[in-house]
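K.L.:
Before I ask anything, here is the structure I am working with.
Protein chains: 2
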Amino acid sequence: MATTPAATPPMLRRVNAGKLLSVLSTAGVMTGTGLIEATGLTRATVHAVCNDLIAMGWVVELDPGHDAPGTPVGRPSRRFEFNSQAGYVLGIDVGAAKTTVLLSDLRGETVAKTGRSFQSVKTPAEQTQVVNEAVLEVLAAADVTDSEVLAAGVGVAAPVDREGNILVDDEFWRRFDAGLTTRLTELHGWPVLLENDANLATLGEHWRGEARDVDDLVVLLAGERFGSGLMDSGRLLHGSRGGAGEMVYLKLVEGVGDTAGIARTAREQGAKAVADPTVKTSLRELAGSDPVTAELVFAAADAGDKVALGILQYVACRTARVLATLGILFNPELIVIGGAVAAAAESLLPSIRQQLATYTATPPRIAVSSLGDTIVSVGAVRRALNYVEQHALDLQLSSAR
Amino acid sequence: MATTPAATPPMLRRVNAGKLLSVLSTAGVMTGTGLIEATGLTRATVHAVCNDLIAMGWVVELDPGHDAPGTPVGRPSRRFEFNSQAGYVLGIDVGAAKTTVLLSDLRGETVAKTGRSFQSVKTPAEQTQVVNEAVLEVLAAADVTDSEVLAAGVGVAAPVDREGNILVDDEFWRRFDAGLTTRLTELHGWPVLLENDANLATLGEHWRGEARDVDDLVVLLAGERFGSGLMDSGRLLHGSRGGAGEMVYLKLVEGVGDTAGIARTAREQGAKAVADPTVKTSLRELAGSDPVTAELVFAAADAGDKVALGILQYVACRTARVLATLGILFNPELIVIGGAVAAAAESLLPSIRQQLATYTATPPRIAVSSLGDTIVSVGAVRRALNYVEQHALDLQLSSAR
DNA sequence: CGGATTTATATAGACTCTAAATTTAGATTC
DNA sequence: GAATCTAAATTTAGAGTCTATATAAATCCG
């Protein structure tokens, strides 16, 4: 009948141990006294908990030494350090065209990184195969075994609900392998945490990107298609079926009309201009017989091509309108623009900001991501680390004595 | 240094007492055994906590009796009941044109209700005066003293952040008295909890309206202006400055263009039709020399007036587009339409649902509020009750022995 | 080498919970 | 009407947690 178990004395230890571990995992080497100050616990408790954590393998004890080097008086402190090699986590971005895989230690430092194109992939099973190859590569590169990996975060370009279930009737399914997560668990025995890519991008920016210390946040993935991750008070939104942040509403927004992102709009507009013989543009010569790319449009604009500049103005206008709707409706402190074209988007920022101000008197700050093509995989690492931190005291570490 | 205090043994009691109180406050009379099942605690603990709660005044003990009437064997149980008269809370809706005030017991049952028009109000101070008169009226009607009121929730049509601070540069301020909350605290000594009206409407629908058991929810206030409250996984969104749910983005939505709600659109379109001599409509005779009202347009449409029917079609189209943007971007399970015209909106539902389906393949459920003009004040009561439940074990009850 | 200083460790006390034994209040049975 | 049965209340013992205080240890300094 009881919804939550009763609160018992051992739970106190659990809470305090979790707190101590969380302090240790973010700080560096800490002395007993330092932990007392950081946690509010008594010295006796701090040491008891630390002894437990050492026995479990989460913490390592260094040689005793003094905290402040200036006044080396008194008995030297015991010194504790979070054992960032107690295990590893994987962050996997399964994109439309490629996959990016990060292997990270428990402090979030990247240990190995790789990527694979999906160019030759024809069936979902092949996709899983390619992802797994990339995973095996990073494990081998860092000499990490299956049992040392404590969790894997996986990002996909489809709605994913809070339980990690993917929305079945999504077009992404044409390519994506439904069995990926279960297959990874089968092969390696890891907990696999599936999440929407834009949501992971938001976790990534919040953790290691432009949005540190920003708890009311929107991240706009703006490459091929617009996608958004929404965070309110430090929590990701999901909606009832994982669809929160879905951008199909843009077909109702004047001057936007569809979910085509910056790269796609630039490319399509460029191709249109090239195809029209009455338009005079250097894009035609630059492209030659190859199809026009977004990069080409940005380059031409840089070189002063009027048509390319016009296209970028149009892109900036669309983006400003997208940012305006999100900024007004969610009232984030900051919106971060990420995705393949984030770097190029930098040059559009002044124009975007200026137009944004015409839609709202209190616009959010706008920034461009500096995480590049790891924006999703970094977030996937964070997702996996969240899981590990939550379950730390239940996990059996292979390094535990 | 410590961000949160250390977990100590007395906190266990606090947690368990809180849980027991929360079970008791929602259930009716409970026996010791029933509480054991509901909380997972031991009999010894249940009784110890109950004795504490009785001493504090939160719980009353009834004469012992048997739980199941069929088999009255064994020693009769002690029977406990949440003392819903241990205190009271106020729910206050400060609207643009009027205020609604509810006095409720701790179980959320309305004890007294009243309202006041702001028609004669000219200054902010007068507004506070009118609100306070209404408050005094409900207190007198239920014979409740200041010290028995444990909290007051107040809803206003302006952005309010998580700390209860109102956004200063809002047009609502022309009428609203900034000093209302501090004045109420000064006069009566209550904690006053300020919150945005649409957010409170969302709490209200979630608690006592159409959205019970729905944790991913949007409530659209659709009277004079569109306003929305957003709930994800049972939590209200606020954004960084309380602006979450703000609808100014509608000026960017095709076929909507501004935040005018159902009532205002119907009224204005009606007036426009009447003013145009080339338009043939029964509205002209119905209105006579008075200005056209939304009610009049609805009535004329009911009677078959073509122009009025056309206006309603336009209103339904606008509303469907608003619902589509919210439904797609937040993916709520349900959107509830509330506000002054909620009842009339019922007739538009089929048309709205049909159009909504053209914008998204997975539309949310749409419902119309049945809370009428108490939608905000009921939510304000819930807000106040949340506060009381959170602080229950710290509060000094005047009824405590 | 002894005093000062800081930290570590050990001990005692308070508070909480659970678990098991004992008592109690009423109904049932003989 | 006394013995019996039953379910709940109460009591008691035990284990886990924390804090607070006392004692021991390790290092520096003169």
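As they're listed, the protein sequences go chains A and B.
Be aware that the first sequence starts at 1, since it is given in our numbering, and climbs by one per residue.
Be aware that the second sequence starts at 1001, since it is given in our numbering, and climbs by one per residue.
All C-beta atoms in this analysis are idealised placements derived from N, C-alpha and C, irrespective of residue type, glycine included.
(1) Does any residue of chain B have a CB that is nearer than 8 Å to the CB of alanine 7/A?
(2) For alanine 324/A, decide whether its Cβ has a neighbour in chain B, counting only Cβ atoms nearer than 8 Å.
(3) Cβ closer than 8 Å: which chain B residues qualify as neighbours of proline 332/A?
(4) Is methionine 247/A helix, strand or coil when you go by DSSP?
(5) Against chain A, with Cβ distances strictly below 8 Å, would leucine 1012/B count as a contact?
(6) Hey, would you say alanine 1300/B sits closer than 8 Å to alanine 1294/B, going by beta carbons?
(7) Drop a sphere of 10 angstroms on the beta-carbon of valine 1154/B, count the other beta-carbons inside from all chains shown, and report buried for 16 or more, exposed for fewer.
(8) Are at least three pairs of beta-carbons, each pair with one atom in the segment 1148-1164 of chain B and one in the segment 1175-1193 of chain B, less than 8 Å apart?
(9) Just by C-beta distance, which residues in the segment 1354-1380 of chain B are closer than 8 Å to chain A?
(10) Tell me whether phenylalanine 1118/B sits in a helix, a strand or coil according to DSSP, three-state version.
(11) Is it true that the segment 314-321 of chain A meets the segment 277-289 of chain A, where meeting means three or more beta-carbon pairs spaced less than 8 Å apart?
(12) Across which residues does DSSP place leucine 1102/B in a beta bridge pair?
(13) Indicate whether at least one CB of chain A lies closer than 8 Å to the CB of serine 1233/B.
(14) Is serine 233/A helix, strand or coil by DSSP?
(15) Note down, in chain order, each residue of its chain lying with its Cβ closer than 7 Å to the Cβ of valine 1279/B, except the 5 sequence neighbours on either side.
(16) To the nearest whole angstrom, what separates the beta carbons of alanine 266/A and phenylalanine 226/A, a pair I think is in contact under 8 Å?
(17) Going by DSSP, name the residue or residues bridged to glutamate 1195/B.
(18) Between which residues of its own chain and alanine 1201/B is the CB-CB distance below 7 Å, once the five residues before and five after are set aside?
(19) To test your reading of the DSSP string, which unbroken alpha helix (DSSP H) runs of 4 or more residues are found completely within the segment 1338-1401 of chain B?
(20) Note down, in chain order, every chain B residue with its Cβ under 8 Å from the Cβ of leucine 162/A.
(21) Glycine 310/A versus chain B: which residues are under 9 Å apart at the beta carbon?
(22) Is arginine 1284/B helix, strand or coil when you go by DSSP?
(23) Measuring only the C-alpha atoms, how far is valine 1253/B from glutamate 254/A?
(24) Is the segment 85-99 of chain A close to the segment 358-366 of chain A, with three or more CB pairs under 8 Å?
(25) Once you ignore the five residues that flank tryptophan 1207/B on each side, which residues in its own chain have a CB closer than 8 Å to its CB?
(26) Taking DSSP's pairing of strands, which residues face leucine 62/A in a bridge?
(27) Buried or exposed: which applies to histidine 391/A, given that a residue is buried once 16 or more other Cβ atoms fall within 10 Å of its Cβ?
(28) Distance, Cα to Cα, leucine 1193/B vs aspartate 1105/B?
(29) Taking the CB atoms as reference points, tell me whether glycine 204/A and leucine 371/A lie closer together than 8 Å.
(30) Quick one: which chain B residues come within Cβ less than 7 Å of aspartate 216/A?
(31) With a floor of 4 residues, list each alpha helix (DSSP H) that falls wholly inside the segment 302-340 of chain A, ordered by position along the chain.
(32) Where does glycine 304/A land, buried or exposed, given buried means 16+ other C-beta within 10 angstroms?
(33) Between Glu61/A, Ala211/A, Val59/A, which has its C-alpha nearest valine 336/A's C-alpha?
(34) With 7 Å as the limit, tell me which residues of the segment 252-279 of chain A have their beta carbon closer than that to any beta carbon of chain B; keep them in chain order.
(35) Quick one: what does DSSP say arginine 264/A is sitting in, helix, strand or coil?
(36) Would glycine 65/A pass as an interface residue toward chain B - the criterion being a Cβ-Cβ separation below 8 Å?
P.N.:
Per the coordinate set shown:
(1) For alanine 7/A, the closest Cβ of chain B is nearer than 8 Å.
(2) At least one beta carbon of chain B lies nearer than 8 Å to the beta carbon of alanine 324/A.
(3) Gly1239, Ser1240
(4) coil
(5) By this cut-off, leucine 1012/B is an interface position.
(6) no
(7) With 16 or more other CB atoms across the displayed protein chains lying within 10 angstroms of its CB, valine 1154/B is buried.
(8) yes
(9) Tyr1359, Thr1360, Ala1361, Thr1362, Pro1364
(10) coil
(11) no
(12) Gly1091/B, Lys1113/B
(13) yes
(14) coil
(15) Ala1273, Val1307
(16) With 8 Å as the limit, alanine 266/A and phenylalanine 226/A do not qualify as a contact, their Cβ atoms being about 13 Å apart.
(17) Gly1155/B
(18) Cβ within range, chain order: Val1219, Leu1221, Gly1229, Gly1338, Ile1375, Val1376, Gly1379.
(19) 1342-1345, 1349-1359, 1375-1391
(20) Checking the sequence, you will find arginine at residue 162/A rather than leucine. In chain order: Ser1233.
(21) Chain B residues near glycine 310/A: none, gap ~22 Å exceeds 9 Å.
(22) helix
(23) 6 Å
(24) no
(25) Gly1108, Val1378, Gly1379, Arg1382
(26) Assignment of beta-bridge partners to leucine 62/A by DSSP yields Arg79/A.
(27) exposed
(28) 17 Å
(29) If you check the CB distance, glycine 204/A and leucine 371/A come in under 8 Å.
(30) Gly1239, Ser1240
(31) 306-330
(32) exposed
(33) Ala211/A
(34) Leu252, Val253, Glu254
(35) Helix, per DSSP.
(36) no
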